Every structure is written in structure tokens, then in C-alpha cells.
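Residue 1005, in the working numbering, is where the sequence shown stops; the numbers in between run on with no holes. C-beta: ideal position from N, C-alpha, C; glycine also. For clarity, every value in this text was computed on a predicted model and none was experimentally measured.
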Amino acid sequence: MSKPNPIRRIYDWMLSLAERKSAGGWLGAISFAEASFFPIPPDVLLIPLCLGALRKALKFALICSVASVLGGAAGYAIGAFGWEALDEVFYKYVPGFTEEKFELLEAWFAEWGLPLVLLAGFSPIPYKIFTIASGVLAMNFPLFLLASAASRSARFFLVAALLAKFGEPMKEFIDKHFN
827 MSKPNPIRRI YDWMLSLAER KSAGGWLGAI SFAEASFFPI PPDVLLIPLC
877 LGALRKALKF ALICSVASVL GGAAGYAIGA FGWEALDEVF YKYVPGFTEE
927 KFELLEAWFA EWGLPLVLLA GFSPIPYKIF TIASGVLAMN FPLFLLASAA
977 SRSARFFLVA ALLAKFGEPM KEFIDKHFN
């Protein structure tokens, strides 16, 4: 009998986290970090956790939402208080990021700040870019938090609700055909 591929083992391990007491902590940490600096979205853990424990799906969505909004506040602080020290790093090491593009982002935020945060919070667009930009461009912080809470909660609760409703057939399909 052959060993499962490494990706399958990671998937199985992530499913096993759902029944551990530390599952919420892992999910919270990843959600917080992703909203401010970490490159991997929390959905990578949220989905298998929900599939591993369908009864806990909404609890996982709540953890993900709260931690992500708190991480967004950290991203805002990075932008508000650390941008002057970091801007040259962004211009030098982030591909395609230039002072001209930053000026364009600034113009967009002046006109569309709230909708941009709402869109970034709900979509696969990297939310951390908009949390940091919100701080750099001094978006109204309570409005930023409200937009973040609404969009991140909508995203994660939608994922969890769909998995809670349709997750068992999806889990069976993945388990059967994963390799």
C-alpha cells in the first residue's frame, strides 16, 4: 500500500485540528496574521476545520472574523505608525509597487475608501494591503473597523454556512478523490 501524498497528509492533519482544543487558537493566529502581514489566507485552515467538525463551523467563522478584524487593526497601525520607516522597502522589494501607484491608491482611497475596504475584506484581494493603506492614508478608524467587521464576517460566515450545509457531500467527495 502506498503512502498518501504530502498534500493529503497536510489536509488530513488540518481536518484533525478541528477536534483539538487548540483548533480555535491556530485559526485565530492565522486570521490575525493574514490581515496584517502573513501571505496565506485563513480559508486554508477554516475550510478543513469546518469540514472536520461541521457542528463547529459557525464557531470557527466567529473566531476567524474577530481575529481578522483585530489583525486588520494591527495592519492599520503598521500603516499609520510605520509607513515612513517601511515605504522604501515597499518601493524597492514589492514588484510593481511604485510611488506613482501609491499616489493612485491614495486618490482611490480619497474617493472610495470605505467601498475598497469592504471589497478587500470580502474578496480574495489581499486584505492586508488595504489595512495598511487605511492606516497610511488616515482613513477614519471607527469606519475602518466597521467596514472590516462587516466584510470579514460576511466572508467567513458565508464560507462556514455553506460548508455546514453542503460540507458532508463535499468532504466525502474530497476524501474519495483527493489523490
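C-alpha distance - Ala849 paired with Leu972, whole-angstrom precision:
27 Å
Is Gly897 closer than 9 Å to Ala861 when the C-beta atoms are compared?
Less than 9 Å divides the Cβ of Ala861 from the Cβ of Gly897.
Own chain residues within Cβ distance below 8 Å of Met996, not counting five before or after:
Leu877 and Leu989
Identify which residue in Lys991, Leu963 and Pro867 has its Cα closest to the Cα of Gly939.
Checked all of Lys991, Leu963 and Pro867; the closest Cα to Gly939 is Leu963.
Buried or exposed for Lys954, please, with buried defined as at least 16 other CB atoms from any protein chain shown within 10 angstroms of its CB.
buried
One question on the structure: do Ala946 and Ser977 come within less than 9 Å of each other, judged by their Cβ atoms?
yes
Taking contact to mean 3 or more Cβ pairs, one atom from each stretch, closer than 8 Å, check whether the segment 884-903 and the segment 862-876 are in contact.
yes
The alpha helix (DSSP H) that contains Thr957, what's its start and end?
Tyr953 to Val962
Please report how far the alpha carbon of Val915 lies from the alpha carbon of Lys927, in whole angstroms.
15 Å
Just the Cα atoms here: how many angstroms apart are Arg881 and Tyr917?
The straight-line gap separating the alpha-carbon atoms of Arg881 and Tyr917 is approximately 45 Å.
For Phe935, name the three-state secondary structure that DSSP assigns.
helix
Report the three-state DSSP secondary structure of Pro995 (helix, strand or coil).
helix
Ends of the alpha helix (DSSP H) at Leu896?
Ala883 to Tyr919
Buried versus exposed, by CB contacts within 10 Å (16 or more), Leu984
exposed
Going by beta-carbon coordinates alone, are Leu853 and Leu841 separated by less than 9 Å?
no
Alpha carbon to alpha carbon, how far is Phe999 from Lys991? Give it in angstroms, no decimals.
Using only the alpha carbons, I get a separation of about 15 Å.
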